[in-house]
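Input: a single structure, listed below in structure tokens.
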Amino acid sequence: MKSIQEAQALRLRTGTWDELGEQALQVRLAVFVQEQKVPLEEEVDAQDPLSVHVVAYEGERPVATGRLLADGHIGRLAVAAPWRGSGLGRRILDHLIELGWQAGHAELRLAAQCQAQLFYRKRGFVEYGAIFDDAGIPHIMMRLEKERT
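Each number in my numbering corresponds to the 1-based position in the sequence shown with 311 added.
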């Protein structure tokens, strides 16, 4: 497992699907399609070209990704196995949250894999609704409201 210091040193890039799609897809294919057996046709969708993407790089190799949809939905957060537990996922999520606030959203939402609920709870997200199946994996909706200052 990589360290928090190593995760903090990684370069993050933010961009469009045209700019970052190939690199984001490398991570998503490894995590979702190969590891979690999500069908490829369910992993790539029409939201990708409409979303803002974030990719973390170890040198030139993409190792984590996530996206923010225009409606304030965060999704497709994936971290390569050697980087899990290093804080890199939190760093990607925090960056996506900040992008959401900058875009003017008062609330951000995501469909969390149930095994990742605690990860999102630690960042302030709260569950709502019933557990549902997505690509054979139990999920629950979660939301984060922007604090009013």
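Positions of the beta carbon are idealized from the N, C-alpha and C atoms, including for glycine.
Residue i, enclosing beta strand (DSSP E) - first and last residue
i: Met353; result: Here residue 353 turns out to be Glu, not Met, going by the sequence shown. Looking at the DSSP string, Glu353 is not in any beta strand (DSSP E); the run it does join, the alpha helix (DSSP H), is Leu351 to Glu354.
i: Val390; result: His384 to Val390
i: Ile326; result: Residue 326 is actually Gly in this sequence, not Ile. Its beta strand (DSSP E) spans residues Arg322 to Gly326.
i: Glu438; result: Val437 to Asp445
i: Ala423; result: Glu418 to Gln424
i: Val363; result: Val363 to Glu369
i: Val374; result: Arg372 to Leu379
i: Arg454; result: Ile448 to Glu456
Extent of the continuous alpha helix (DSSP H) to which residue i belongs
i: His406; result: Leu399 to Gln413
i: Gln428; result: Gln428 to Arg432
CA-to-CA distance, residue j to residue i, given in whole angstroms
i: Ala423; j: Leu388; result: 10 Å
i: Ile385; j: Leu421; result: 5 Å
i: Arg402; j: Val366; result: 11 Å
i: Glu369; j: Ala320; result: 9 Å
i: Pro449; j: Trp328; result: 27 Å
i: Ala446; j: Glu371; result: 30 Å
i: Gly442; j: Cys425; result: Per the sequence shown, the amino acid found at residue 442 is Ile instead of Gly. Rounded to the nearest angstrom, the two C-alpha atoms are 8 Å apart.
i: Ala416; j: Gln358; result: Here the sequence assigns His to residue 416, which means Ala is not the residue at that position. Rounded to whole angstroms, His416 to Gln358 spans 18 Å at the Cα level.
i: Leu407; j: Ala381; result: 12 Å
i: Glu438; j: Arg454; result: 7 Å
i: Ala375; j: Pro360; result: 18 Å
i: Lys433; j: Gly398; result: 12 Å
i: His373; j: Tyr431; result: This sequence places Pro at residue 373; His is not what is there. Each residue's alpha carbon lies about 22 Å from the other.
i: Asp444; j: Glu333; result: 27 Å
i: Pro350; j: Gly377; result: 18 Å
i: Trp412; j: Lys348; result: 33 Å
i: Glu317; j: Gly400; result: 13 Å
i: Val344; j: Ala427; result: 17 Å
Contact check, residue i vs residue j, beta carbons under 8 Å
i: Ala335; j: His364; result: yes
i: Trp394; j: Lys313; result: yes
i: Met452; j: Gly440; result: yes
i: Leu331; j: Arg322; result: no
i: Gly383; j: Glu346; result: no
i: Leu379; j: Leu410; result: yes
Practice item. Tell me, please, whether the region 331-341 touches the region 352-365 by the rule of three or more beta-carbon pairs shorter than 8 Å. Key: Taking a cut-off of 8 Å on C-beta distances, the region 331-341 touches the region 352-365, as three or more cross pairs fall below it.
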